[in-house]
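Structure first, then comments.
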Amino acid sequence: MGAMRNVLLWASENPTLKKKVPQMKFVQRALKRFMPGENAEDALLAARLLMNNNIPAVFTRLGENLVNISEATEVTHHYLDLIDKIFAEKLDVEISLKLTQLGFDLSVDETHNNLKKILQKAKELLHNTVWIDMEGSAYTTKTIDFYKKIKSEEENVGLCLQAYLFRTHEDLNELIKINPSIRLVKGAYNEPHDIALKDKFRVDENYLDLSQKMLAKVKEGKLKAVFGTHDLKILNAIDNYSSTIGLEKNKYEFHMLYGIKTNEQLRLANEGHKIRVLISYGSAWYPWYMRRLAERPANVNFVLKNIFSN
Ligand SMILES: Cc1cc2nc3c(=O)[nH]c(=O)nc-3n(C[C@H](O)[C@H](O)[C@H](O)COP(=O)(O)OP(=O)(O)OC[C@H]3O[C@@H](n4cnc5c(N)ncnc54)[C@H](O)[C@@H]3O)c2cc1C
């Protein structure tokens with residue numbers, strides 16, 4: 377894929393840029409397009425506004441690859457408090473998180489305990505699913521193994537899979553055996569040629585193949601399917617395939633990111649589709665934001681335009 381995408385993904389992991397870029401005022405201004413603010417209250421306000429249009433949300437607090445296990449405890453408490461707030465406000469909001477936010481680099485057992493607390497509280501108060509994001513390929517096997525284990529203990533947990541990885545068909549075949557909840561995305565990291573498709577056309581093609589396999593399993597009652605994409609061609613193809621196999625549109629969900637294709641989000645909701653919007657918030661937004669820019673390098677122009685605005 378494009379050279380600009382590679383540069384932006386490289387920048388997302390560069391320690392010097394990670395320190396400097398978040399301090400730049402014009403970057404902070406441009407960020408507002410994708411993120412309502414840095415605090416949970418900002419996300420709650422955005423979710424209330426979406427609810428006015430009958431669009432429920434998913435929350436994620438930004439942050440990844442913690443270096444100290446006490447930070448993971450803090451993140452866990454943050455999510456537990458957040459569930460209380462969502463419950464108190466009677467909002468329809470799920471949570472999505474990264475295992476490395478819960479201490480995955482430091483202790484798998486602690487991560488398990490942390491997530492279990494979050495899952496149990498979400499089940500008790502919100503009666504909904506908590507999603508595990510999929511991070512870079514160094515984590516794929518570990519994350520899938522982790523998912524299988526925790527899914528055998530708690531039902532309300534979903535996993536993200538990435539269509540750009542060669543292995544995903546095989547992973548899906550294995551996961552289907554445990555009646556999973558899967559959110560399919562294209563994939564946002566800079567992966568090497570030998571494990572990931574690099575050509576956008578081929579990634580899209582693989583996404584479609586995987587989505588059809590998932591929809592067929594939804595029909596058999598063996599999988600809960602979420603499609604995390606803004607690609608309208610793919611959304612239409614998913615709808616058409618569902619009609620072909622006689623699957624009603626309320627049997628699967630679309631998830632999109634806050635600030636991207638907002639009109640489409642409204643259209644889908646108005647047409648009776650199940651759609652949720654993922655709202656990210658938090659102060660550790662740099663790597664996440666660079667991945668958003670990499671998805672559409674034209675977004676860089678938008679950032680640059682903010683140099684001249686107040
Ligand atoms: C709900 C959700 C959860 C996700 N979770 C993960 C995860 O856990 N792990 C992971 O690796 N990736 C995750 N992603 C990101 C995903 O992998 C893609 O990088 C991202 O969704 C862009 O791909 P696309 O499917 O929208 O298709 P694309 O072909 O990239 O985009 C389709 C169209 O959408 C618009 N668009 C897409 N992205 C942007 C953007 N950033 N800014 C402006 N317009 C844009 C453009 O008009 C583009 O033409 C998630 C995405 C979503 C929606």
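The working numbering puts the first residue of the sequence shown at 377, with every later residue one more than the last.
C-beta: ideal position from N, C-alpha, C; glycine also.
Using 8 Å as the threshold, is the stretch 603 to 616 in touch with the stretch 564 to 571, meaning 3 or more CB pairs across them? Because the criterion of three Cβ pairs below 8 Å is not met, the stretch 603 to 616 and the stretch 564 to 571 do not touch.
Is it the case that the CB of Met666 approaches a heavy atom of ligand 1 more closely than 7 Å? Taken from the Cβ of Met666, every heavy atom of ligand 1 lies 7 Å or farther away.
Give the single residue among Arg643, Glu640, Val594, Tyr657 whose Cα lies nearest to the Cα of Lys627. Sorting Arg643, Glu640, Val594, Tyr657 by C-alpha distance to the C-alpha of Lys627 places Val594 at the top.
Buried or exposed by the 16-neighbour rule on C-beta atoms within 10 Å, applied to Arg632: Before going on, a small fix: residue 632 reads as Met here, not Arg. Per the 10 Å Cβ criterion, buried.
I need the boundaries of the alpha helix (DSSP H) containing Tyr455, first residue and last residue. Counting along the chain, the alpha helix (DSSP H) containing Tyr455 begins and ends at 445 to 464.
In whole angstroms, what separates the C-alpha of Gly479 from that of Asp521? Rounded to the nearest whole angstrom, the C-alpha separation of Gly479 and Asp521 is 16 Å.
Check this for me: beta carbons of Met510 and Thr517, under 8 Å apart or not? Result no, Cβ atoms of Met510 and Thr517 do not sit closer than 8 Å.
Taking just the CA atoms, how far does Gln477 sit from Leu442? Cα to Cα, the separation comes out at about 6 Å.
Kindly indicate which three-state DSSP category Lys650 falls into: helix, strand or coil? In the structure shown, Lys650 sits in a strand (DSSP, three-state: E or B).
Looking at the secondary structure, which residues open and close the beta strand (DSSP E) in which Trp661 lies? The continuous stretches of beta strand (DSSP E) do not include Trp661, and DSSP gives it neither H nor E.
Where Lys493 and Thr449 are concerned, what is the direct C-alpha to C-alpha distance, given to the nearest angstrom? The alpha-carbon atoms of Lys493 and Thr449 are separated by roughly 11 Å.
Phe603 - partner residues in DSSP beta bridges: Residue pairing by DSSP places Phe603 opposite Leu560, Phe630 in a beta bridge.
Are the CB atoms of Val653 and Leu426 within a distance shorter than 8 Å? The answer is yes: Cβ separation under 8 Å.
Near Lys408, which residues of its chain fall below 7 Å by C-beta distance, leaving aside the five closest residues on each side in sequence? If we look at Lys408 and ignore the five residues flanking it on each side, it has no Cβ neighbours.
If you count every other CB in all the chains shown that lies within 10 Å of the CB of Trp507, and 16 or more means buried, which is it? Counting Cβ neighbours within 10 Å, Trp507 comes out buried, since at least 16 surround it.
Cβ of Phe603 within 8 Å of Cβ of Leu541? Going by beta carbons, Phe603 and Leu541 fall outside the 8 Å limit.
In the structure shown, what three-state DSSP assignment does Thr517 receive? Assignment of Thr517 by DSSP, reduced to helix, strand and coil, places it in the helix class.
In chain order, what are the residue ranges of uninterrupted beta strand (DSSP E) at least 3 long that sit wholly in the stretch 457 to 511? Counting whole runs of 3 or more residues, the stretch 457 to 511 contains the beta strand (DSSP E) stretches 469 to 473, 506 to 508.
Distance check for Arg543 and Ala498, CA to CA, integer angstroms please. Looking at the two C-alpha atoms, the distance is approximately 31 Å.
Which of helix, strand or coil does DSSP assign to Phe522? Helix at Phe522.
Say yes only if the C-beta of Ile636 is nearer than 7 Å to one or more non-hydrogen atoms of ligand 1, and no if none qualify. It does: the Cβ of Ile636 is within 7 Å (strictly closer) of some heavy atom of ligand 1.
Can Ala674 and Leu385 be called in contact, C-beta distance under 8 Å? Contact: no.
I'd like to confirm something about Leu654: is its beta-carbon nearer than 7 Å to some heavy atom of ligand 1, or not? The nearest non-hydrogen atom of ligand 1 is less than 7 Å from the C-beta of Leu654.
Span separating the alpha-carbon of Leu420 from that of Ile431: Distance between the alpha carbons of Leu420 and Ile431: 13 Å.
CA-to-CA distance, Asp460 to Ile621, given in whole angstroms: If I take the Cα positions, the gap works out to 40 Å.
For Met411 and Arg662, believed in contact at Cβ under 8 Å, the rounded distance: Checking the displayed sequence, the identity of residue 662 turns out to be Tyr instead of Arg. Met411 and Tyr662 do not touch by the CB rule: their CB atoms are close to 12 Å apart, not below 8 Å.
Sorted by chain position, which residues of the same chain lie with C-beta nearer than 7 Å to Asn415's C-beta, five sequence neighbours on each side aside? Answer for Asn415: Tyr657, listed in chain order.
Which one or two residues does DSSP pair with Ser718 in a beta bridge? Examination of residue 718 is not possible in this model, given that the chain is present from 377 through 686 alone.
Taking just the CA atoms, how far does Asp485 sit from Pro391? Their Cα atoms are separated by approximately 28 Å.
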